[in-house]
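To start, the structure under review is shown below, and the notes come after it.
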Amino acid sequence: MIPKSVIVFFRQRHQYLSYSYAFFLVFITPLSIPAAWWTWHQGLVTGADIGLAVLFYSLSALGITIGYHRLVTHRSYQAKPWLKRAILICGSFAMQGGPAAWASLHIQHHRYADKPGDPHSPREGFWHSHCGWIFHDYKPNYRRFGKWLLEDPEVKHVSKYYLLYSNLGLIIPALLGGWVGFVWAGLLRLCLACHVTWSINSICHRFGTRDYTKTQDTSTNHFLIALVSFGEGWHNNHHRFMQMPFFGHRWYQIDLGKWLLMIFHQFGWIWDLKIPKELRADPEPTS
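With UniProt numbering, letter number 208 in the sequence shown gets 208, and the count goes up by one each step, no holes.
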């Protein structure tokens, strides 16, 4: 039995992020684009600033795909506690909510993919599926979608201190790179990271190819989205085998998240990778 106080805490935290951060992410962070252009035009941007932006983009994107998504939501592998916490903290840099709320809503998405009940169904329009849905009052239902999330110590910790960890994704670039670092590795990086994640819900349910035609949804594979999202763009593959930690199923399907997990596995930091027995060497042909 999950204590009501615990459920209320997570729901209130998610609701606050839905409204306050939605406005910030959708309307404020894009202002970093002209700001970044101006700093570049003025010759204020150094190689260190670019490197810092690439680093924080990589940390936040990897934290979302191998942490929030593959590890917490689908439990497609197990990880040592210190690594799990580190990955989830990196995921919080993307400011997409705490791991508990993020995972619960994503579980709900899979349960009702492209149907009534899907928080970001593409059938309600491109804008809604991309980022409009975060302005709606979608409260995670932990009892139905991810009861274990409130019992996981690492998930509870990062969710509890989410506001601290997420804002470190802006504070650290500012401390290391000044206001130029804040613009590039903070705001611009955050804007790109969010729109890439949102593109999975919008673009990868409308445009692309379908290697697996048996999925009861409109999920697609999109090479460019997969490249910048570190594997998330192989969305049709993922909807076919949701618990599999690897999203790229063919040799040419670049999945940086997969490669990093393979390295972690070699070091013994992760284990119990759920590779479905029914997965064939080649995907089903599209018909």
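Ideal Cβ placement from N, Cα and C applies to all residues, glycine included.
Subject >> C-beta contact flag for Val26 and Cys131 at 8 Å >> reply: Val26 is a Cβ neighbour of Cys131, given a cutoff of 8 Å.
Original post:
Can you list, in chain order, the stretches of the alpha helix (DSSP H) that have 4 or more residues and sit fully within the segment 193-240?
Top reply: If we require 4 residues or more, the alpha helix (DSSP H) runs fully inside the segment 193-240 come out as 223-228 and 235-240.
Original post:
With contact counted as at least three CB pairs below 8 Å, one residue from each stretch, are the segment 159-171 and the segment 117-127 in contact?
Top reply: By the criterion of at least three beta-carbon pairs nearer than 8 Å, the segment 159-171 is not in contact with the segment 117-127.
**OP:** Report yes or no: do three or more beta-carbon pairs, one from the segment 138-156 and one from the segment 240-250, lie closer than 8 Å?
**Re:** Segments in contact, no.
**OP:** With DSSP as the reference, label Ala79 as helix, strand or coil.
**Re:** In this structure, Ala79 counts as strand in the three-state DSSP scheme.
Subject >> Near the ligand NAD: Leu71 beta-carbon under 7 Å from a heavy atom >> reply: The ligand NAD is not part of this structure, which contains no ligands at all.
**OP:** Check whether the Cβ atoms of Tyr57 and Leu192 lie closer than 8 Å to each other.
**Re:** Taking 8 Å as the cut-off, the Cβ atoms of Tyr57 and Leu192 count as close.
**OP:** Measure the C-alpha to C-alpha separation of Tyr16 and Ile107 and round it to an integer number of angstroms.
**Re:** Caution is warranted here: a pLDDT of 45 is assigned to Tyr16, below 50, making its placement in the model unreliable, and the coordinate value is therefore given only provisionally. For Tyr16 and Ile107, the distance between alpha carbons rounds to 20 Å.
**OP:** Leaving out five residues on either side along the sequence, give the residues of the same chain with a beta carbon under 7 Å from the beta carbon of Ile275.
**Re:** The residues Met244, in chain order, have a CB closer than 7 Å to that of Ile275 in the same chain once the five nearest residues on each side in sequence are set aside.
Original post:
Going straight from the alpha carbon of Val155 to that of Arg85, what length do you get?
Top reply: Rounded to the nearest angstrom, the two C-alpha atoms are 8 Å apart.
Original post:
What span of residues does the alpha helix (DSSP H) with Gly186 cover, start to end?
Top reply: Unbroken run through Gly186: none, as it is neither H nor E.
**OP:** Specify the secondary structure class of Ile271 as computed by DSSP and reduced to three states.
**Re:** With the sequence shown as reference, residue 271 is identified as Trp, and Ile is not the correct amino acid for it. It is a strand residue.
**OP:** State the Cα-Cα distance for the pair Trp82 and Arg240, rounded to the nearest angstrom.
**Re:** When rounded, the distance between both Cα atoms is 30 Å.
Original post:
Going by other Cβ atoms of all chains shown within 10 Å of its Cβ, with 16 needed for buried, is Pro116 buried or exposed?
Top reply: Exposed.
Subject >> Beta-carbon proximity list for Tyr68, same chain, < 6 Å, skipping 5 on both sides >> reply: Excluding sequence neighbours, Tyr68 sits near Gly91, Pro99 and Trp102.
Original post:
Among residues of its own chain, excluding the 5 on either side of Ala281, which ones have a beta-carbon nearer than 6 Å to its beta-carbon?
Top reply: In this predicted model, Ala281 has a pLDDT of only 49, less than 50, meaning its place in the structure is not dependable; the value taken from the coordinates is given anyway. Spatial neighbours of Ala281 in its own chain (CB-CB distance under 6 Å, excluding positions within 5 residues in sequence) are not present.
Subject >> Burial state of Gln253 (16 or more Cβ within 10 Å) >> reply: Answer is buried; the Cβ neighbour count reaches 16.
**OP:** Report the rounded CA-to-CA distance for Met262 versus Gln42, giving the unit in angstroms.
**Re:** Between Met262 and Gln42, the C-alpha separation is close to 42 Å.
**OP:** Would you please state the rounded distance, in angstroms, between the beta carbons of Asn201 and His136? I believe it to be under 8 Å.
**Re:** Contact flag wrong, Cβ pair sits at about 13 Å.
Subject >> Reduced DSSP category for Ile254 - H, G, I as helix; E, B as strand; rest coil >> reply: Residue state, collapsed to three classes: coil.
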